[in-house]
Structure formats: C-alpha cells, structure tokens
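In this note's numbering, the protein residues as written are 624 to 782.
As structure tokens, this is what we get:
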C-alpha cells in the first residue's frame, strides 16, 4: 500500500472536493429554488475535478518518480485515483443526500414531473439514493479513466 500512498491520498482529496462542490451547489440553490439550472451548472464541477487530477499527477511525478514520468505511469496513477474515488463514491452519495442536500431527490422528482420531462414513476426510479450510488460509481470510473488519459499527456515529463 505504501506504493499507492499518493493515489489513495488524492482519491480522498477528490472525494472531499466533490463534497465541497455539493455544498456550493446547495448554497447556490441548484438543489432547490434554482433546480432548473442544476443540469447545466453541475457540469462546472469538471474544472475542479480535472484540477485535482493535474495536481495529483504532478505530485506523483515530483515525489514518487523524481521529476520524470511517462504517460503510462501517469495514466496508471490516475486510474488508481479513480478506483479509490469510485470506492468512496457510494459513501459520498450517502453524505450528499442525507446531510448536505436531503431534499434534492424530492425536489428533482417534482421539477422533472412539473416540466413534463418524465413521468413520476420514471423520475422516482431515477432520482433516488441507490440509483445515484450506481451512477456515481460508473460515472467516476468512466470520467476518471478518460481524465487520467488526457491529464497524463500533459503531465508526462522526461528528465
């Protein structure tokens, strides 16, 4: 595990940043009175998410690879960070939807039904904790692997 200390640290940092982002979303009203903006504004999280990967891979390159890192080393680091974040994702979803924003699902169901986007039945099957736990793990894995591949291109360095 010592070999993966950096990746584990950054997986936890990623999760903490995501939780902080959820607090910001709630404070901005994107989980309640401004829920109509949620679908767009939540995508801004890509900026801090990518930044975490950039800082993580730079940290790995500097402290574990003595300033030199190949694309494959960076990619593997990013994938391991992704795995840690994916494992933590269900717990993060639990915290988000029970502590940070306990009314989010009900608000999203009501908004979706009122706008005619989906039926109540479909909204209720989509906007619930178990669904978001599954979506969180899958989304973290897919986006984390893609982000790892791209960020590794920019953080590789030969000394």
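Backbone N, C-alpha and C fix where the C-beta goes; we use that ideal spot for every residue, glycine too.
Assigned secondary structure, residue i (DSSP; H/G/I helix, E/B strand, else coil)
| i | result |
| --- | --- |
| residue 780 | strand |
| residue 624 | coil |
| residue 651 | coil |
| residue 713 | helix |
| residue 730 | helix |
| residue 753 | helix |
| residue 657 | coil |
| residue 722 | helix |
Within 8 angstroms, strictly: CB atoms of residue i and residue j
| i | j | result |
| --- | --- | --- |
| residue 705 | residue 764 | yes |
| residue 778 | residue 692 | yes |
| residue 775 | residue 717 | no |
| residue 759 | residue 724 | no |
| residue 734 | residue 658 | yes |
| residue 715 | residue 643 | no |
Cβ separation of residue i and residue j, assumed to be a contact under 8 angstroms, to the nearest whole Å
| i | j | result |
| --- | --- | --- |
| residue 708 | residue 770 | With 8 angstroms as the limit, residue 708 and residue 770 do not qualify as a contact, their Cβ atoms being about 11 angstroms apart. |
| residue 640 | residue 675 | 6 angstroms |
| residue 683 | residue 629 | 5 angstroms |
| residue 627 | residue 703 | 6 angstroms |
| residue 727 | residue 654 | 5 angstroms |
Beta-bridge pairing of residue i - partner residues as DSSP gives them
| i | result |
| --- | --- |
| residue 692 | 780 |
Short CB-CB distance (under 8 angstroms) between residue i and chain C
| i | result |
| --- | --- |
| residue 769 | Absent here is chain C; the protein component of the structure consists of one chain. |
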